[in-house]
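Peer 1:
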Ligand SMILES: O=C(O)CCC(=O)C(=O)O
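In my numbering, the protein residues as written are 357 to 573.
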């Protein structure tokens, strides 16, 4: 039995946020003591991409990614993201246990996960939507966080426009706690962008795993 199998799933206290096109469920689903053990194991086990896959091209210039990244999944799964094809490495035990935990709580078997490690508050993720064509848009993306709590900011696509098309829809901020799970349910990722902004004063390490359901070919 792994530590996640001891969690009393029906007693998880989900908080739902619903707004124009936004539909998310959030809970600190993994108790601190179990989350501490998982974070330690992830830190011991995971190795992050190097070389090309650890870089990003912006306006023709190559930069190191402002975080560390790796991806796991079922055999043969790949994912196109920021103009790169990301191969899914075989599931390591602690990541597979999290995939199985999501299946227990939601009945969804995810085929792919993108892991992002933020070494400190300088590491970040810019505004984007997870709406790549290989993702099945009918399923939620499940985001699990460990370590340093960081704000996660969602912005409506029409609030990002300039000029008269801009709509005065306020952003939604969720502090993603250690051991938390956030389900971004459809159609959230079509209509709202999300980001993990820089927070220079926050010094701790954070690991986030976004589990994704792939479209059947
Ligand atoms: O680290 C996070 O919470 C955000 C991750 C994210 O935006 C993504 O994987 O698409």
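Just so you know, even glycine gets a beta-carbon here, dropped at the ideal spot from N, CA and C. Model, not experiment: these values are computed from the prediction.
1) Cutting at 6 Å between CB atoms, please list the residues of its own chain near residue 485, excluding the five before and the five after it.
2) Taking the beta carbon of residue 571 as the centre, do at least 16 other beta carbons fall within 10 Å, making it buried, or is it exposed?
3) Which residue wins for smallest C-alpha separation from residue 317, given the options 526, 503, 468?
4) With respect to the beta strand (DSSP E) encompassing residue 502, which residues constitute its N-terminal and C-terminal limits?
5) Identify whether residue 508 lies in helix, strand or coil by the three-state DSSP scheme.
6) Would you say residue 506 and residue 555 are within 8 Å of each other, going by their C-beta atoms?
7) I want to check one thing, is the minimum distance from the CB of residue 539 to the heavy atoms of ligand 1 below 7 Å?
8) Rounded to whole angstroms, what's the CA-CA distance from residue 365 to residue 532? Just pull it up for me.
9) Quick check on the burial criterion: 16 or more other C-beta atoms within 10 angstroms. Buried or exposed for residue 467?
10) Going by the CB atoms, is the gap between residue 426 and residue 567 shorter than 8 Å?
11) Using three-state DSSP, classify residue 519 as helix, strand or coil.
12) Just to confirm my understanding: we take residue 434, look at its own chain, exclude 5 residues before and 5 after, and list those with CB closer than 7 Å. What are they?
Peer 2: On the basis of the coordinates in this document:
1) Here residue 485 refers to the residue found at position 129 of the chain shown. Around residue 485: 545, 549.
2) The sequence position of residue 571 within the chain shown is 215, counting from 1. When all chains shown are included, residue 571 counts as exposed.
3) Residue 317 is absent from the model: the chain starts at 357 and stops at 573.
4) By 1-based counting over the chain shown, the position of residue 502 is 146. 497-503 is the span of the beta strand (DSSP E), which, as asked, contains residue 502.
5) Here the question's residue 508 lines up with position 152 in the chain shown. Note: residue 508 maps to strand in three-state DSSP.
6) Start at 1 with the first residue of the chain shown, and residue 506 comes out as number 150. Start at 1 with the first residue of the chain shown, and residue 555 comes out as number 199. Contact flag set, yes.
7) Along the chain shown, one-based indexing puts residue 539 at 183. Checking every heavy atom of ligand 1 against the Cβ of residue 539, none is found closer than 7 Å.
8) In the chain shown, counting from the first residue as 1, residue 365 sits at position 9. In the chain shown, counting from the first residue as 1, residue 532 sits at position 176. Roughly 19 Å between the two C-alpha positions.
9) As a position in the chain shown, residue 467 is number 111, starting the count at 1. Flag for residue 467 reads buried.
10) Taking the chain shown and counting its residues from 1, one reaches residue 567 at position 211. Taking the chain shown and counting its residues from 1, one reaches residue 426 at position 70. No, these two residues do not count as a Cβ contact at 8 Å.
11) Here the question's residue 519 lines up with position 163 in the chain shown. Three-state result, residue 519: helix.
12) Along the chain shown, one-based indexing puts residue 434 at 78. The answer, listed in chain order, is 441, 442, 443, 444.
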